[in-house]
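In what follows, a single structure is set out as structure tokens and then discussed.
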């Protein structure tokens, strides 16, 4: 625990800096840094992330005692710089209280503005500013935010409107006004009283009048928000550790709601959706920050070009745009010029795209935040490559800038252009986050999650989203909102997740109660299909077909950069020529796993396979295998041809035989007829294959040892296909892999069968093809005796699915029954079948690689389980000197980027 708990900033000086993210969180560190480089920031102080952890250890009372002296001194620091006093009725200071973890978590934790107001302060402030409308607007906002965040007055049911919004709507209706900003001073005063009364009635708590009590309430509420449901879920999704904690930044308030020379806004130094190098953002005149983010009023564009593009999409003429919806560049040219200069300065300082919040108070610009902006996968790649071309970053930084998992978004389908031409457009909104989404309408986050878990694809339709909707947003294919702009909560979070989102669709009339949305007189119910185009902002009725994504030149350039630095090669897991071609197009350097069992489940093949399994003699099995051989040969030929000139690692038959036999009466009758035996005899043989624990039973090399004719047939099929390709002038590179060995003698026995079958094939074709024999290390004993096994195996491929299963003693098929509890109780940090357990399973792998290479220095080692496409697992493989990782075709680019990052990080 660092003893310094509070860091001051203001007036161009700061005790912290940008490198102190761990102590001050991203927001606190950047507020300090902006002071150092001359950006106008309201003065304030940051309470460290360690204090958040202390709060959970020692409790609220103790943390207030520990912080009291430092916080009171820090408040005095703000008072001195602002020349006003906290809690003073004649010359009052108001503050904002904001959260800020070291990783950006937009909207997940709580913020409170205008803190320090009570009836006396509001009265004094109205006299001082001669602007009672601004004062009472700020006061009602403060009571609303404090009531929600600190005193926890929230909707009771998901169908209920926010209780504060309900009161506002009622007062607006009584006064005959449409927008909040048009409420009179008397209306605003009335809202303050109604809010306080509702808080007392609903929560039993009095609204605190003492500003110091308000401050402590807010600071502790921010600490509490670190452990709220949505923040915990967001951390799980983003892999952010719970122990990081959040810092709290307290700043002097600056006001964007003081009239027509005041404004508030959010801006990005580049386009967060597509990466275009164009300053963009949104602002609202006479408003406060939450109005922009919450999407309560649809904001205006900051730049003229942004405004013109918006008007074109909305079908608004240039004349109407200039008159009613001018950009900041046109309406406040001096402020715009200063804002544009500072955003450029910040991007050059941080060498990355910035997401910034600002307020204009009576013509003076203040910055409230800057951070490296959340962006889509496509924008991530474009921005990294553009910054490289602009000389702002080097090649290694460009590789490290890209998150491997986010590449997944670039590989997702897009709408088929032909299908779009005939699709019916039912609404137009803002293209908040690109991509194509199609699904059934749902209106509530928990329903979205439930429908998704039941196998449905859903589109979450909301009036506006709030951080409480995170779980539903994560489960949905896309998000559609009636309110909110390009910088609203829905837009920012969707871009961060890579989800398609269309926001600000004014034509939507959503009824949460009836679970309907009405668009231009047509009512759509929960469960109806709609499609969203997040790139254009269009909404279509029904399902619109999609097609594979087309990758940009920037993507290719990034992949070429990866190849320049990487040491670990990436192969693919592929069982069909099509999968092999897809992976090759994504840059796979061969196949790390072809599962032969996946080839048997087609009509004639499965009959022959079942005949082989159910035969009661070697002669019967060989007769059935002779039928299977041409099918297998054709399959292998297609795959070897698709990967011509690259290695193809083919695993011999692995699953238990009972998986292939018919368990239904019709299938059993077919086999009885095919084999000329009675139905009862077939049923007896099927029953005889049943095992108590099939995953540890008669499978893998044990099949080839008890039925060597299976191994011989598969070897002949592989090498016959290779010989035919060689005769056609191709360059096949087969590798034959023996699965699930636990002892060297198992491998020796299978190797003899393979070598004998190979001699027969080469004699038949009159040519030879080079091939290698290796094994799959997936039993802990095999890893522990790797030195012995390496004397017979030319390569090791680590089957991390089974190796994880046998090392932990967890059944992969049954772990779901207890894994959520293990994660919740912190027994496990992650699912070990998704992320490689480096301390246990990884230790076995490292030991086996080292032991094997002691005996065979050129031993090639790879990984082919599910972990082969998971970035941290790929980096581990690179670190311990493995030769390749193998993963599913669509994860090949992800693994290539992770492998390159591992090389650069060395």
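In our numbering, the protein residues as written are -1 to 904.
Glycine included, C-beta positions come from ideal geometry on N, C-alpha and C.
Treat the numbers as computed from the prediction; the structure is a model and nothing was measured.
One alpha carbon belongs to residue 509, the other to residue 439, and they sit about 12 Å apart.
Taking a C-beta distance under 8 Å as the contact criterion, residue 893 and residue 863 do not qualify as a contact pair. Under DSSP, residue 732 takes part in a beta bridge, and its partners are 646. A Cβ-Cβ separation of about 18 Å leaves residue 261 out of contact with residue 133 under the 8 Å criterion.
Pairing residue 570 with residue 589 gives a Cβ-Cβ distance under 8 Å. Membership of residue 354 in the beta strand (DSSP E) is indicated by the continuous run 352 to 359. With a 10 Å radius around the Cβ and a threshold of 16 neighbouring Cβ atoms, residue 235 comes out exposed. Straight-line measurement puts the Cα of residue 446 at about 45 Å from the Cα of residue 85.
Comparing alpha carbon positions, the residue from 716, 811, 816, 804 closest to residue 768 is 716.
In this structure the segment 542 to 560 does not touch the segment 601 to 612; the number of beta carbon pairs closer than 8 Å is below three. The beta carbons of residue 397 and residue 872 sit about 14 Å from each other, so the pair does not count as a contact at 8 Å. Judged by DSSP in its simplified three-state form, residue 550 adopts coil rather than helix or strand. Per DSSP, residue 372 lies in no beta strand (DSSP E) and is assigned neither H nor E. When the five nearest sequence neighbours on each side are left out, the beta carbons in the same chain lying within less than 8 Å of the beta carbon of residue 28 are those of 16, 367, 368, 369, in order along the chain. Take the alpha-carbon of residue 99 and the one of residue 349: they are about 21 Å apart. From the listed residues 158, 188, 161, the smallest Cα separation to residue 172 is found for 188. In this structure, residue 153 sits away from residue 895, with a CB-CB distance that is not shorter than 8 Å. Taking C-beta atoms under 8 Å as the contact rule, residue 825 and residue 792 fail to qualify, at a distance of about 40 Å. Leaving aside the five residues that flank residue 13 on each side, the residues in its chain whose CB is nearer than 6 Å to its CB run, in chain order, 5, 6. Contact annotation: residue 745 and residue 736 have beta-carbon atoms nearer than 8 Å. Counting the other CB atoms within 10 Å of its CB gives residue 773 a total of 16 or more, which places it among the buried residues. Boundaries cannot be given for residue 115, as no beta strand (DSSP E) includes it and DSSP labels it neither H nor E.
Ranking 709, 221, 827 by CA distance to the CA of residue 53 puts 221 first. Partner residues in the beta bridge of residue 429, as assigned by DSSP, are 500. Only buried fits residue 135, as 16 or more other CB atoms lie within 10 angstroms of its CB.
Across the structure, residue 211 and residue 325 are spaced so that their CA atoms are roughly 41 Å apart.
Approximately 4 Å separates the beta-carbon atoms of residue 567 and residue 587; this is inside 8 Å, confirming the contact. Secondary structure in the segment 779 to 848: the alpha helix (DSSP H) runs of 4 residues or longer, each lying completely within the stretch, are 784 to 788, 798 to 806, 817 to 822 in chain order. Counting along the chain, residue 455 sits inside no beta strand (DSSP E), nor does DSSP assign it H or E at all.
Rounded to the nearest whole angstrom, the CA to CA distance from residue 183 to residue 129 is 10 Å. Sequence-distant partners of residue 193 (beyond 5 residues in either direction) whose C-beta falls short of 7 Å from its own C-beta, in its chain, are 138, 141, 142, 145, 162, 165. In the structure shown, the three-state DSSP call for residue 664 is helix. Taking 8 Å as the cut-off, the Cβ atoms of residue 624 and residue 613 do not count as close.
Between residue 90 and residue 250, the gap from beta carbon to beta carbon reaches 8 Å or more. DSSP places residue 304 in the uninterrupted alpha helix (DSSP H) bounded by 302 to 312. The Cβ atoms of residue 708 and residue 663 do not sit closer than 8 Å to each other.
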